[in-house]
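Novice: Just so we're aligned, residue 1 is where the sequence shown starts under full-length UniProt numbering, counting upward by one.
Every residue gets a Cβ at the ideal spot worked out from N, C-alpha and C, and that includes glycine.
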Amino acid sequence: MPLAQLITPAALALRLEQDGPPLILDCRFALDDPSYGQRSYAAGHIPGAQFADLEQHLSGPVRQGVTGRHPLPDPKVLLERLRQWGLRQDSQVVLYDDGPGAFAARAWWLLAWLGKRDGVYLLDGGLKAWHKAGLGLSHEQPDPVRGDFSGEPDEGLLVSASRLQQRLGSSDLTLLDARALPRFRGEVEPLDPVAGHIPGARCAAFSDNLDSDGHFLPAEQLRQRFAAQLGARPADGLVAYCGSGVTACHNLFALCLAGYPLAALYAGSWSEWITDPGRPVASGD
């Protein structure tokens, strides 16, 4: 079964009518309004969905001057939360946000990190596509049966800042930055105190994985996109990062859709990189 899978609103609506519906997580969030996701969930969500907050559930505590803005959660804490949501070893899982898929992709990556790699789907187009399909929302809060999922974090999916710094300039490293081009170039920086990018990185804005309607591009188009970024370098040397380890997961999901293996994540990303003034910084292209 492919690691990265999409589901349409129509297909999800059909599954909701069947016995044993999937575990659905509403991952809506706004970086400039941390309470937006919870308010939106309360105002209406896909029937049966439970709310997974980026900062409360899908991230760990921020340590100023040490971590980035969205450090990884403690795996034991996350595992317990997943079991409370009802995650079993054999669960089908559907993840969604408003539409671009960045926050849903973060949840997808965390599940893969903990070993849940079968039967996990992103709702293609997110809630925007659900609305466009004319499907309704619910205000009911699910009362799930506790799940039995057990997993272990796969540290092989991660690259630390120190290890990444050692690899800078390596002929086999492809370092993809998921932020938009103006932030990559250092022309603007709305979130972090230092502008620019990690030297040697290539801009691969996560939004370019999507078409004009917010759906993921076909697999062949995604493969062409990332093949151009890789050039002659091996796919297993790729590392993804962004501002805080969230939108990088969108690129990792898209890479898997394109048929590439799950690449490494620099989870601390730019907001962690710049906490050490000894780490090099670049600007421009």
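Quick check: S269 and C249, are their CB atoms within less than 7 Å of each other?
Specialist: Counting from 1 along the sequence shown, the entry for residue 269 is found at position 269. Counting from 1 along the sequence shown, the entry for residue 249 is found at position 249. No, Cβ-Cβ distance for S269 and C249 is not below 7 Å.
Novice: Grab the span of the alpha helix (DSSP H) containing Y36 for me, first residue to last.
Specialist: Looking up residue 36 in the sequence shown gives position 36. Residues Y36 to A43.
Novice: Identify which residue in S40, G284, A42 and P144 has its Cα closest to the Cα of R185.
Specialist: Position 185 of the sequence shown, counted from the start, is the residue given in the question as residue 185. Selected option, being the one with the closest Cα: G284.
Novice: Cα separation between L137 and W85?
Specialist: Here residue 137 refers to the residue found at position 137 when the sequence shown is read from its first residue. Here residue 85 refers to the residue found at position 85 when the sequence shown is read from its first residue. C-alpha separation (whole angstroms): 19 Å.
Novice: How is V77 classed by DSSP in three states: helix, strand or coil?
Specialist: On the sequence shown, residue 77 is found 77 positions in, with the first residue counted as 1. Helix, per DSSP.
Novice: Less than 7 Å separating the beta-carbons of E272 and T8?
Specialist: Locating residue 272 in the sequence shown gives position 272, where the first residue counts as 1. Locating residue 8 in the sequence shown gives position 8, where the first residue counts as 1. It is not a contact, given that the beta carbons lie outside the stated cut-off.
Novice: Using the C-alpha atoms, what's the distance from S171 back to G231?
Specialist: Here residue 231 refers to the residue found at position 231 when the sequence shown is read from its first residue. Here residue 171 refers to the residue found at position 171 when the sequence shown is read from its first residue. Near 11 Å, if we compare the C-alpha coordinates of S171 and G231.
Novice: Measuring CB atoms only, is the stretch 50 to 64 touching the stretch 254 to 262, in the sense that at least three cross pairs come out at less than 8 Å?
Specialist: Contact fails: fewer than three Cβ-Cβ distances are below 8 Å.
Novice: Hey, how far is the Cα of P190 from the Cα of R69?
Specialist: One-based indexing of the sequence shown puts residue 190 at position 190. One-based indexing of the sequence shown puts residue 69 at position 69. Their Cα atoms are separated by approximately 13 Å.
Novice: Which partner residues does I24 have in the DSSP bridge list?
Specialist: The count along the sequence shown starts at 1 and reaches residue 24 at position 24. According to DSSP, which records beta bridges pairwise, I24 is partnered with V94.
Novice: Where W130 and G245 are concerned, what is the direct C-alpha to C-alpha distance, given to the nearest angstrom?
Specialist: Taking the sequence shown and counting its residues from 1, one reaches residue 130 at position 130. Taking the sequence shown and counting its residues from 1, one reaches residue 245 at position 245. Those two C-alpha atoms are separated by around 27 Å.
Novice: Taking A201 and F226 to be in contact with their CB atoms under 8 Å, please state how far apart those CB atoms are, rounded to whole angstroms.
Specialist: Along the sequence shown, one-based indexing puts residue 201 at 201. Along the sequence shown, one-based indexing puts residue 226 at 226. Not really, about 14 Å apart at Cβ, beyond 8 Å.
Novice: Are three or more beta carbon pairs between the stretch 106 to 122 and the stretch 31 to 50 nearer than 8 Å?
Specialist: At 8 Å Cβ cutoff, the stretches do not touch.
Novice: In angstroms, rounded to a whole number, what distance separates the CA positions of Q165 and E17?
Specialist: Here residue 165 is taken as the residue at index 165 of the sequence shown, counted from 1. Here residue 17 is taken as the residue at index 17 of the sequence shown, counted from 1. Distance between the alpha carbons of Q165 and E17 is about 50 Å.
Novice: Which partner residues does H197 have in the DSSP bridge list?
Specialist: On the sequence shown, residue 197 is found 197 positions in, with the first residue counted as 1. Answer is A282.
Novice: Can you tell me whether DSSP reads A133 as helix, strand or coil?
Specialist: To locate residue 133, count along the sequence shown from 1; it is residue 133. Three-state result, A133: coil.
Novice: Can you tell me which residues form a DSSP beta bridge with S244?
Specialist: For the purposes of this step, residue 244 is taken as residue 244 along the sequence shown, with counting starting at 1. Beta-bridge pairing links S244 to no other residue.
Novice: Under the rule that 16 or more other beta-carbon atoms within 10 Å means buried, what is L114, buried or exposed?
Specialist: Taking the sequence shown and counting its residues from 1, one reaches residue 114 at position 114. So L114 ends up on the buried side.
Novice: Please give me, in chain order, every unbroken run of the beta strand (DSSP E) with length at least 3 that falls completely inside the stretch 202 to 278.
Specialist: Runs found: 238 to 241.
Novice: Could you tell me the boundaries of the beta strand (DSSP E) in which L87 lies?
Specialist: Translated into the one-based positions of the sequence shown, residue 87 becomes position 87. L87 -> no beta strand (DSSP E), and no H or E assigned at all.
Novice: Can you have a look at L82 and say buried or exposed, based on whether 16 or more other CB atoms are within 10 angstroms of its CB?
Specialist: As a working note, residue 82 is residue 82 in the sequence shown. With 16 or more Cβ atoms within 10 Å of its Cβ, L82 is classed as buried.
Novice: According to the neighbour-count rule (16 or more other Cβ atoms, all chains shown, within 10 Å of its Cβ), is L181 buried or exposed?
Specialist: Locating residue 181 in the sequence shown gives position 181, where the first residue counts as 1. Label assigned to L181: exposed.
Novice: For residue 286, does the count of other Cβ atoms within 10 angstroms reach 16, so buried, or fall short, so exposed?
Specialist: The structure shown has nothing for residue 286, since the chain only spans 1 to 285.
Novice: Would you mind sorting H197 into buried or exposed? The rule is 16 or more other CB atoms within 10 Å of its CB.
Specialist: Here residue 197 corresponds to residue number 197 of the sequence shown, with the count starting at 1. Buried.
Novice: What separation, rounded to the nearest whole angstrom, lies between the Cα atoms of V120 and G126?
Specialist: Position 120 of the sequence shown, counting from 1, holds the residue named residue 120. Position 126 of the sequence shown, counting from 1, holds the residue named residue 126. Approximately 15 Å between the Cα atoms of the pair.
Novice: At the level of alpha carbons, what is the spacing between P149 and Q92?
Specialist: In the sequence shown, counting from the first residue as 1, residue 149 sits at position 149. In the sequence shown, counting from the first residue as 1, residue 92 sits at position 92. Inspection of the sequence shows that residue 149 is occupied by Phe rather than by Pro. The alpha-carbon atoms of F149 and Q92 are separated by roughly 12 Å.
Novice: For the beta strand (DSSP E) containing Q5, name the first residue and the last one.
Specialist: To locate residue 5, count along the sequence shown from 1; it is residue 5. Taken as a continuous stretch (DSSP letters only), the beta strand (DSSP E) holding Q5 covers Q5 to I7.
Novice: With 16 as the cutoff for other CB atoms within 10 Å, does L176 come out buried or exposed?
Specialist: In the sequence shown, residue 176 corresponds to position 176, counting from 1. Buried.
Novice: I need the DSSP call for F184, collapsed to helix, strand or coil.
Specialist: Along the sequence shown, read from residue 1 onward, the residue named residue 184 stands at position 184. In the structure shown, F184 sits in a helix (DSSP, three-state: H, G or I).
Novice: Roughly how many angstroms lie between the CA atoms of T247 and P100, to the nearest whole one?
Specialist: If you number the sequence shown from 1, residue 247 lands on position 247. If you number the sequence shown from 1, residue 100 lands on position 100. Each residue's alpha carbon lies about 10 Å from the other.
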